[in-house]
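Q: Residue numbers (the working numbering), protein chains in the order written: chain F, 1 to 394; chain S, 1001 to 1472.
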Amino acid sequence: MASRRTTHDVAIVAMGCTPFRDHWNSSADDLLVDAVQECVGSLPDVTLDDVDAFWVGTQGSGLSGQTLARPLRLTGKPVTRVENYCATGSEALRNAAFAVASGAYDMVMATGVEKLKDSSYSGLSAVFPPADGTDVDWTAPAGFSLLAPAYQAAYGIDEREMRAAMTRVAVKNHANGARNERAQFRRAVSAETVERSPRIAGQLGVMDCSGVSDGAAAAILVRAEDAHRYTDNPVYLRGMSFVAGSGSGLAADGYDFTTFPEVVTAAREAYAQAGVTDPATQISLAEVHDCFTPTEVVLMEDLGFSARGKAWRDILDGRYDPDGALPVNTDGGLKSFGHPIGATGLRMMFECFTQLRGEAGERQVPDARLAVAQNLGGQPGSCVAFVAVLGNER
Amino acid sequence: MPDQPGIDAYAAYLPAYVLDDNRLDPTTPPRTGGPARSVAGYDEDAVTMAVEVLRHVAADTPAGRHLLLATTSAPYEAKTSAGVAHEALGLDPGVTALDLRGHRAGASALDLVVRAGATAALADVRTTRPGAPDELAQGDAAAAFVGGARAAVLLARAGHTTEVLDRWRLPGERHDRVWDERFTAEILVAAGLDTARRALAEASLDAVDQVVVSSSNPRAATALRKALGGTGQDATIERATGFTGAAHPGLLLAAALDEAQPGQTILLLSATEGADAFVLRVGDGVRVARGGPSVRAQLAARQRLGYGRYLRWRGLLDVQGPARPAAPAPAAPPMHRRAGWKYRLEGSRCDACGRVTTPPGRVCASCGIAGSDAATGKVSLRDRTARVVSVTRDHLTTMPEPDVAIVVADVDGGGRLSAYATDVAPGDVVVGMPMTPTFRRLWTTDSIHNYFWKLRPAPADAAPGKDTADGQ
């Protein structure tokens, strides 16, 4: 019943990540080539010929494994395209990890890409199968904005306090992104800017929403015992779990919109594999799915970083700031790094990888040893959730 | 044929909005004391209003009858509108669904109710060009009648067909054209008086207790009311709603029945493309024959609507929307497969744990146990109260409003709905608020009208679908 660590431990030995932004002059193909070249280029003795199998995650920027094989002109290689909403990039890494863990391949690559700015719409666009027309035509912010009134009602938090916590998430993540040359938005923002931004859905304004951007990311994975053949400082996958929600939160009564049960389950399993018993004190930093500001508030509780009903207070107290006890979204998060769907999960890994190797420059979290990458898609009540624990020790 | 011709049950539906000011330029002085028109919401049409009004009286209509929908504003050409209402009501497939079109269709439908025992909805949405002289004198409404004798028995009826160019519209056009009403008034008054006198003679009555006159021609209506000795009660209703097209004789009759005493006689005269007269004796069961709130109560509950919003709702003002693709069109096979959910709001009740899954599924969303299609009990959420669990406002809606509220609500007795709120200011929807389902048109994409249920605030003391005794 339980998910376990794999037979072979897995290590990430190289990563690449494009800047996330309006890449008006680059196609999804170009972005993938950029991310893959940076990734493979960081290992002096490795070429793409050495990679045995590939995964590419994209929600809407390509179909089939040819999404990657064609731009890279890969010859005779297996390439698998995966999709799991906004956790698509994580899903690519998860499946690639299983492939080396099983012993089927020695070296694999996970990639993710999304090209969102080629449509004229400022939000996400997706094509769904023919349906009966009974689903609410939610925007993504509308779905996630349901968290705020429900969270307030559950814990007796007034509008002003909730607004302050949400604003703090945005201000923090923009400040972090300002120190990251790959981030889409590189300007710190004031609380006033966040709170005066035009309303999109419920209490959410434009500045409560993640950046819509283009980008790609890539990782090379090997069995842990082989990692030092390629790099002196590999990052190890200590635990990993994924849950595709049953959707019961929207299909039956009972779910109260103050939590992501899928994240809670995924976190519990990943922590167990990694030997994490007290995430609030053992985790050095976390990259979490701050698609909208209230999401990050709730996730601090789902991941065990804050007690139930207390995350808003911990956020305001600075616990998740870069100099706080548990820095969250040090690279800017979805909020300011941007959110090209298929690449986001791998972008989170990229920051964890960078931090755990001590290469994060002015963003560096001192003595970073264990990092959490948490990624989700869908909406509260019906989501898919990924949690990984990464470490610089095996 | 029914044992005794007449009306067994009736209901009227007025949409939640009233327009009483159509000044394009608000710096000009307001007009006071003028007529007002009833306005259907942007998500309403003849079909949704028919469903709304029929829910009160026709949920249990037995097989073998006809379901009629009379309108001049059918949402589709060629496709039968009554079929959508039939599906939403869950009527037996043996009940024939049939549209009647044209301005006289309402009176004709009533004729088939009282004489052939049919069930009929009379529903209309009426627009004119902005600024037309009769813009506030046309309105939107629905009424429903079931054949039988509880509310009223038919003493006599007479009809008179006259071909006359009165109000007309070509397919694809939006607004009626109207001939000089002085000419048509003369024709309709003559037809109306002749018809009324023949009906009264057949009923062996010199006079009736109430005269109700509906006419597409306001000049004719005034003359006929005067000539037949009406009290003007019908004119008062009409001044508050406008002429509601095919629905109008039904709306005025429903208003009369709301207040009539058992044993009283009513002359209903519809003077439109000829004339139709009905002489009715009010039945002993008239008080319990009404479904839903009275016309007077509905008039009192309406919200005022600004002219700009009205024009936008009707598509008469082309306003910039959000940079967002149109909502997707539904597809025919899933609409057909899921008719129980889409048209009747039926969830599945789990045989194992008893909880309700919405939309219905083969496997229970609560306990995960699979039931067979035959074994899984279907439960209708249509007439239940649902309480808001969380709410948001979509400021990028593709609907003709700056924002709409979207709620997740738990249904009393089980089940959960994610739905658009309607007939309410988005900011007024709060967690815990009780709401009730209402059948609406969500959007129209690729020429496919997408009907489904929304939620509107529950009346303080009543749930729709049940007989209510307000306003009395």
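Positions of the beta carbon are idealized from the N, C-alpha and C atoms, including for glycine.
#1: Can threonine 344 of chain F and cysteine 86 of chain F be called in contact, C-beta distance under 8 Å?
#2: Bridge partners of glycine 1006 of chain S, per DSSP?
#3: May I have the straight-line CA-CA distance separating alanine 1203 of chain S from glycine 1006 of chain S, to the nearest angstrom?
#4: In this structure, how does DSSP classify arginine 1309 of chain S when only helix, strand and coil are distinguished?
#5: Who are asparagine 25 of chain F's beta bridge partners in DSSP?
#6: Are the CB atoms of leucine 316 of chain F and glutamine 374 of chain F nearer to each other than 8 Å?
#7: Here's a check: name, in chain order, each residue in its chain whose Cβ is nearer than 6 Å to the Cβ of glycine 1245 of chain S, leaving out the five neighbours to either side.
#8: Is serine 102 of chain F buried or exposed, if buried means 16 or more other CB atoms sit within 10 Å of its CB?
#9: Taking the CB atoms as reference points, tell me whether alanine 1050 of chain S and alanine 1078 of chain S lie closer together than 8 Å.
#10: With C-beta atoms as the reference, is glycine 89 of chain F less than 8 Å away from glycine 332 of chain F?
#11: Identify the continuous alpha helix (DSSP H) that holds asparagine 84 of chain F and give its terminal residues.
#12: Can you grab the Cα-Cα spacing for the pair glutamate 1238 of chain S / alanine 1247 of chain S, in whole Å?
#13: Under 8 Å, CB to CB, which of the residues in the stretch 1371-1399 of chain S have a partner in chain F?
#14: Go ahead and pull the three-state DSSP assignment for serine 1214 of chain S.
#15: Once you ignore the five residues that flank tyrosine 105 of chain F on each side, which residues in its own chain have a CB closer than 7 Å to its CB?
#16: Determine, for tryptophan 1179 of chain S, whether the minimum Cβ-Cβ distance to residues of chain F falls below 8 Å.
#17: Between the Cα of threonine 1195 of chain S and the Cα atoms of S/Gly1250, S/Asp1176, S/Val1279 and S/Gln1138, which residue gives the shortest distance?
#18: Could you name the residues of chain F that arginine 1355 of chain S contacts, counting a contact when the two beta carbons are closer than 8 Å?
#19: For isoleucine 200 of chain F, which of helix, strand or coil comes out of DSSP?
#20: Any C-beta of chain S sitting closer than 8 Å to the C-beta of leucine 116 of chain F?
#21: Less than 8 Å between the beta carbons of aspartate 1403 of chain S and histidine 1395 of chain S, yes or no?
#22: Tell me the rounded alpha-carbon separation between tyrosine 121 of chain F and valine 222 of chain F.
#23: Output the boundary residues of the beta strand (DSSP E) element that contains alanine 217 of chain F.
#24: Just to check my reading of the structure: leucine 1519 of chain S and proline 1249 of chain S have Cβ atoms closer than 8 Å, yes? What is that Cβ distance to the nearest angstrom?
#25: Valine 56 of chain F and leucine 48 of chain F look like a contact to me (Cβ under 8 Å); what is the Cβ gap, rounded to whole Å?
#26: Strictly under 8 Å for the Cβ-Cβ distance: is valine 1424 of chain S near chain F by that measure?
#27: Between the C-alpha atoms of threonine 1222 of chain S and glutamate 1163 of chain S, what's the straight-line distance to the nearest angstrom?
#28: Of all the CB atoms in chain F, is at least one closer than 8 Å to the CB of alanine 1305 of chain S?
#29: Measure from the alpha carbon of leucine 1091 of chain S to the alpha carbon of each residue in S/Arg1344, S/Thr1231, S/Gln1298 and S/Thr1128, then state which is nearest.
#30: Excluding sequence positions up to five away, which residues of its chain have a Cβ less than 8 Å from the Cβ of arginine 1169 of chain S?
#31: Taking Cβ to Cβ, would you say alanine 1144 of chain S is nearer than 8 Å to valine 1057 of chain S?
#32: Comparing the C-beta of isoleucine 341 of chain F with each C-beta of chain S, is any distance below 8 Å?
#33: Where proline 1218 of chain S and asparagine 1450 of chain S are concerned, what is the direct C-alpha to C-alpha distance, given to the nearest angstrom?
#34: For the stretch 280-312 of chain F, which residues have a CB atom closer than 8 Å to at least one CB atom of chain S, in sequence order?
#35: Quick one: grab the DSSP three-state call for arginine 121 of chain F.
#36: Report yes if the CB atom of alanine 11 of chain F is closer than 8 Å to the CB atom of alanine 227 of chain F, and no otherwise.
A: Per the coordinate set shown:
#1: yes
#2: S/Val1153
#3: 14 Å
#4: helix
#5: According to DSSP, which records beta bridges pairwise, asparagine 25 of chain F is partnered with nothing at all.
#6: No, the pair does not count as a contact, with Cβ atoms beyond the cut-off.
#7: Here the set comprises Thr1072, Asp1124 and Arg1126.
#8: exposed
#9: no
#10: In this structure, glycine 332 of chain F does not lie closer than 8 Å to glycine 89 of chain F by Cβ.
#11: Note, asparagine 84 of chain F: premise wrong, no alpha helix (DSSP H); not H, not E.
#12: 12 Å
#13: The stretch 1371-1399 of chain S vs chain F, Cβ under 8 Å: Val1389, Ser1390, Val1391, Thr1392, Arg1393, Asp1394, His1395, Leu1396 and Thr1398.
#14: strand
#15: Asp52, Ala53 and Ala99
#16: no
#17: Taking the Cα of threonine 1195 of chain S as reference, the smallest distance to any Cα among S/Gly1250, S/Asp1176, S/Val1279 and S/Gln1138 is reached at S/Val1279.
#18: Ala252 and Asp253
#19: strand
#20: Closer than 8 Å: no.
#21: yes
#22: 39 Å
#23: Residue range 215-223 is occupied by the beta strand (DSSP E) that includes alanine 217 of chain F.
#24: For residue 1519 of chain S there is no data in the structure shown, the boundaries of chain S being 1001 and 1472.
#25: About 13 Å separates the two Cβ atoms, so there is no contact after all.
#26: no
#27: 21 Å
#28: Before going on, a small fix: residue 1305 of chain S reads as leucine here, not alanine. Chain F contact via Cβ: absent.
#29: S/Arg1344
#30: Thr1072, His1175, Asp1176 and Arg1177
#31: yes
#32: False, the Cβ-Cβ gap to chain S never drops below 8 Å.
#33: Their backbone Cα atoms lie some 35 Å apart in a straight line.
#34: none
#35: Residue 121 of chain F is actually tyrosine in this sequence, not arginine. DSSP, read as helix, strand or coil, puts tyrosine 121 of chain F in coil.
#36: yes
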